[in-house]
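Please read the structure below before turning to the comments.
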Amino acid sequence: METKVVKIPPNRVEEFEKELLEASEIIKRGGLVVFPTETVYGLGANALDEKAAEKIYSAKGRPSDNPLIIHIANPEDYEKWCKVERVDLLEKITNRFVPGPITVIQKKKDIIPHTVTAGMDTVAVRIPSHKVARRLIELSGVPVAAPSANTSGRPSPTRAEHVIQDLYGKVDMIIDSGECEVGLESTIVMLKGDDVTLLRPGGVTLEELEETLGKVKVDKGVFEKLKENEKPLAPGMKYRHYAPKASVISLKGDEEKVIAFMKESLKDKGVGVICYREDTEHLPHDNRVVVLGSKSDTEEMAHRLFDCLRTFDSIPEIHTVYARLPEDDHIGLAVVNRLMKACGYTVKEL
Ligand code: TXA
Ligand code: MG
-3 METKVVKIPP
7 NRVEEFEKEL
17 LEASEIIKRG
27 GLVVFPTETV
37 YGLGANALDE
47 KAAEKIYSAK
57 GRPSDNPLII
67 HIANPEDYEK
77 WCKVERVDLL
87 EKITNRFVPG
97 PITVIQKKKD
107 IIPHTVTAGM
117 DTVAVRIPSH
127 KVARRLIELS
137 GVPVAAPSAN
147 TSGRPSPTRA
157 EHVIQDLYGK
167 VDMIIDSGEC
177 EVGLESTIVM
187 LKGDDVTLLR
197 PGGVTLEELE
207 ETLGKVKVDK
217 GVFEKLKENE
227 KPLAPGMKYR
237 HYAPKASVIS
247 LKGDEEKVIA
257 FMKESLKDKG
267 VGVICYREDT
277 EHLPHDNRVV
287 VLGSKSDTEE
297 MAHRLFDCLR
307 TFDSIPEIHT
317 VYARLPEDDH
327 IGLAVVNRLM
337 KACGYTVKEL
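Numbering follows our numbering, with no gaps: position 9 of the sequence shown is 5.
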């Protein structure tokens, strides 16, 4: 398939109405458009068109039991696609966090096809803040189903180059709007009865959710590796994820020991490290030393994590990547969650 790549700077969306109209026409006729959001790039198709949704699964190589998030432009439209049971909770979420990096799961209405929800009776809905995403959804006039625009199992794309590596030739159009701001996928919460449950941590933090909603339950899969017979509430969270070609091992423990371990390990040309900016003065100047962010800046780490993981794919001799695990508060929880998935929960304590 021929893939058209179009550049749209996020601060000049108004000048690119023609390109966005073309993209929306592709969505309307059942094609695939990769578009930027504030979290990661999304692989979009008409969520009301079963055949179009199927194309998403095959382009990504995504297991058919892993449901998609639908993207809409306005909170008034929640009711069109889901059965809102707790208007009060939804309003609190909307007032503080929407549009933005949060996805809400509620009971679905019949109009949403089963292919999109992988047979579940609930649907995940997100209202992105990115101007390009919003205009594309508005012009399409339908909810846009979109998983992260990577091949299944690979790190999510935060730049168009990442999308091109994975999906060029498999989609009709890729909209390149530069780097995604947050860098990790949205926070996912489920509303069921009186409970609010966090299924996936992201740009909206657990602390912020609890400030707004009171007690929030946390699905077990967020913190720990589940056993064979246990299932996370979000089916996608059970798969090995975010893996570069090399194997990843997370490092935890005493700072001096961690730095000494990285320094020693780098003597092997097949090793790469993901470290803090402050660590680099103790480590060799080498393209195998990749900075995740400043020690206390977990937002920078979130922004850079997936790009760091992909970096090592372009250095063929790398077989092992050691990555420092940051603190797991605020957005650090999301960084730790993604790193733990990338390393398959392999942690070296020092
Ligand atoms: O930031 C994001 O959320 C990005 C951008 C493109 O919006 N999208 C994204 O989609 O990360 P994806 O498909 O990569 O991750 C969606 C996650 C999966 O783990 C899936 O299992 C879960 O959401 N999910 C979707 N619908 C669900 C449902 N009805 N019940 C439980 N989990 C659901
Ligand atoms: Mg994904």
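For each residue, glycine too, the CB sits at the ideal point set by N, CA and C. As the structure is a computational prediction, the values presented were derived from the model and not from experiment.
Self-check item: Exposure of MET233, with buried meaning 16 or more beta-carbon neighbours within 10 Å
Solution: buried
Exercise. Could you tell me whether the stretch 219 to 231 touches the stretch 188 to 202, using the rule of 3 or more Cβ pairs below 8 Å?
Key: Under the three-pair Cβ rule at 8 Å, the stretch 219 to 231 counts as touching the stretch 188 to 202.
Practice problem: Can you have a look at PHE31 and say buried or exposed, based on whether 16 or more other CB atoms are within 10 angstroms of its CB? | Solution: Counting the other CB atoms within 10 Å of its CB gives PHE31 a total of 16 or more, which places it among the buried residues.
Quiz item: Using the beta-carbon count (16 or more within 10 Å), is ARG284 buried or exposed?
Solution: buried
Self-check item: HIS67, enclosing alpha helix (DSSP H) - first and last residue
Solution: In the DSSP assignment, HIS67 falls outside any alpha helix (DSSP H) and lies within the beta strand (DSSP E) extending over 65 to 67.
Quiz item: Cβ atoms of THR118 and MET186: under 9 Å apart, would you say?
Solution: yes
Practice problem: Identify every residue that forms a DSSP beta bridge with CYS339. | Solution: Answer is none; CYS339 lacks a bridge partner.
Quiz item: Going by other Cβ atoms of all chains shown within 10 Å of its Cβ, with 16 needed for buried, is THR385 buried or exposed?
Solution: The first residue shown for the chain is -3 and the last is 346, placing residue 385 beyond what the model contains.
Quiz item: Does DSSP put ARG8 in a helix, a strand or coil?
Solution: ARG8 falls in the helix class under three-state DSSP.
Quiz item: Got a sec? Which residues, its chain only, sit under 6 Å from HIS237 by beta carbon, not counting five neighbours each side?
Solution: LYS337
Practice problem: Kindly indicate which residue of HIS67, GLU34, ALA55 has the alpha-carbon position closest to the one of ALA43. | Solution: Looking at the Cα atoms, HIS67 is the closest of the given residues.
Exercise. Indicate the three-state DSSP secondary structure (helix, strand or coil) for CYS304 in the structure shown.
Key: helix
Quiz item: How close, in whole Å, do the beta carbons of THR154 and PHE302 come, if the pair is a contact with beta carbons under 8 Å?
Solution: 5 Å
Quiz item: Between the stretch 9 to 16 and the stretch 118 to 135, do at least 3 Cβ pairs fall closer than 8 Å?
Solution: yes
Exercise. Say yes only if the C-beta of GLY232 is nearer than 8 Å to one or more non-hydrogen atoms of ligand 1, and no if none qualify.
Key: yes
Quiz item: DSSP on ARG122, reduced to helix/strand/coil?
Solution: strand
Quiz prompt | Backbone secondary structure at ILE23 - three-state DSSP | solution = helix
Exercise. Report whether the distance from the Cβ of THR113 to the nearest heavy atom of ligand 1 is below 8 Å.
Key: yes
Quiz item: Contact between the stretch 207 to 224 and the stretch 69 to 81: three or more CB pairs below 8 Å?
Solution: no
Quiz item: In the DSSP assignment, what are the bridge partners of HIS287?
Solution: This sequence places Val at residue 287; His is not what is there. Its beta-bridge partners are CYS271.
Self-check item: Neighbourhood of CYS339 by C-beta distance below 6 Å, restricted to the same chain and skipping five residues each side
Solution: By the criterion of a C-beta distance shorter than 6 Å, CYS339 is surrounded in its chain by VAL244, ILE245, SER246, once the five residues flanking it on both sides are discounted.
Quiz item: Residue range of the alpha helix (DSSP H) that VAL94 falls in?
Solution: Note, VAL94: premise wrong, no alpha helix (DSSP H); not H, not E.
Self-check item: Beta carbon of TYR272 nearer than 9 Å to that of SER261
Solution: In this structure, TYR272 keeps its C-beta atom at 9 Å or more from the C-beta atom of SER261.
Quiz prompt | Reference GLY268, options GLU204, ARG306, LYS223, closest by Cα | solution = ARG306
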